[in-house]
Structures are given as structure tokens and as C-alpha cells.
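Structure record follows, encoded as C-alpha cells.
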Amino acid sequence: MGAYVRGTHQPCRFQIGHLPHVAMTNRFFSAAALCLTLLIATPAVQAQTAPTPTTFGLSVAIQESPSTIGLPATVSSPIWLSDQFVLAPELGFISRENGTDVLSIGADARFTLGDGQLVPYAGPGLRILAVDRDNPNVPDDDNDLVLSGFGGAEYFFSSEFSLAVEGRLDIRSGDNNTVVGTTGVVRASVYF
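Mapping the sequence shown onto the working numbering, position 135 (from 1) lands on 120, and the numbers just tick up by one.
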């Protein structure tokens, strides 16, 4: 049985997809299906984004510029102790052309301010810098203390990988003087 134009015996040349009310209905159901899929998928994706407590990882951080306060790159191991608290011990080393070697040992305490894929955080950090100079024209070795305050956001592509951007205010105090400075940091993390 075919469709015929009313009052004639000629076949109808309209296709179902071209009828205005059918096309509108198809668009409505497509949009409704898309919205329903997003509503169902969003909580499932968010539930898988941030690491669970007692998860640890490995991070590499690169600073905006190698200032006199910190190092241009550090390696840390963030440990999620709870949903809102991360302890990140870190280690850094640099050997400069002028014969100066700097070893950095410290930790950051991050307090997360939300959950989901984008997690804002803030907290303090503490580092000890051991500076070894082989240059006779520069004052002898010293150990400096760096106190930091920072804030940023970490974006979780999955529960195993994230990128973070943060701003830091560092105060470095040592044998010779006290230096205050700011820097930007980009960090990539892999969680196990």
C-alpha cells in the first residue's frame, strides 16, 4: 500500500523526513535524547574525575621563570589524604653554569575548594634550599627557607591525569637576605 495525494490516484512524492511536523518531532526526540544522555553521563563522569583519598601520584611542575626564589622545575608526589586535603612532598635540583647547585626539599599542603573535573585549591608550602657555590667570587654556601602561599585550579581529564595552574607568593629567607617574589606554575600529574 502506497500513499496517494488526496483526490487523485497519483503517488505522494513527499518523503517522511521532509514533512514539517515529522521533522520537528524528529528534532525534538533527538534533542531530548541528547539532553537525557548528558544528564545521565555527567554525574558518572564527575564521579570518576578526582582521585579518591589515599591515592598518590607523581607530578612535574614548571615555574614561569627561574627566579631567585625557587627552581624552574620540581618533582612532587601528591598524596590525597582526604577529599579536601592533599599533601605533596617535593624535590628539585638545578645546576647552573656559574657553578651553583641548588637542592630543594619541601612540601605543599593543598586544601581543595570543590570537586568535579575542575578543582580549585589553596594552601601553604615550605621548602629548604641548600645552595652550594663553587664560584670564589660569590659568597659561600647557605641554606635558605622558603615559605609559600598559593592558589590555583587542577583540571582532571580522568581520575589518573590532571593539569594544574597556580600562582605563588614566595618569601625566601637565608643567611644573606630576604627575598619576596611571585611566580606562576604549571603542573602535570599522574595518579596511581
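Just so it is clear, CB atoms sit at the ideal spot from N, CA and C, and this is done for glycine as well. Bear in mind that the values here come from a model prediction, so they are computed numbers and not experimental data.
Does DSSP put residue i in a helix, a strand or coil?
| i | result |
| --- | --- |
| Gln33 | With a pLDDT of 49 at Gln33, under the threshold of 50, the modelled position of this residue cannot be trusted; read the value that follows with caution. Coil at Gln33, not helix or strand. |
| Leu148 | strand |
| Asn128 | strand |
| Asp86 | strand |
| Thr167 | strand |
| Gly110 | strand |
| Phe177 | coil |
| Gln48 | strand |
| Pro63 | coil |
| Phe13 | Residue placement at Phe13 cannot be trusted, given a pLDDT of 47 that sits under 50; the coordinates are not used to answer. |
| Asp119 | coil |
| Gly99 | coil |
| Pro5 | Interpretation of Pro5 is limited by its pLDDT of 46, a score under 50 that renders its predicted location unreliable; the figure taken from the coordinates is listed afterwards. Three-state result, Pro5: helix. |
Quick one: measure Cβ to Cβ for residue i and residue j, integer angstroms, because I've assumed they're closer than 8 Å.
| i | j | result |
| --- | --- | --- |
| Gly134 | Pro109 | 6 Å |
| Ser144 | Pro74 | Actually they are not in contact, since the Cβ atoms of Ser144 and Pro74 sit about 21 Å apart, beyond 8 Å. |
| Gly136 | Ala173 | The pair is not a contact, with the Cβ atoms about 18 Å apart (cut-off 8 Å). |
| Thr59 | Gly77 | 4 Å |
| Leu179 | Leu114 | In the structure as shown, the chain starts at -14 and stops at 177, and residue 179 therefore has no counterpart that could be examined. |
| Ile47 | Val171 | 5 Å |
| Asp155 | Thr168 | 7 Å |
| Asp117 | Gly159 | About 13 Å; that fails the 8 Å criterion. |
Could you name the residues that DSSP lists as bridge partners for residue i?
| i | result |
| --- | --- |
| Glu139 | Val104 and Ala149 |
| Leu72 | Ile64 and Ala94 |
| Asp155 | Ser133 and Gly166 |
| Gly77 | Ser89 |
Problem - Any 3 or more C-beta pairs closer than 8 Å across the stretch 95 to 102 and the stretch 76 to 85 - result: no
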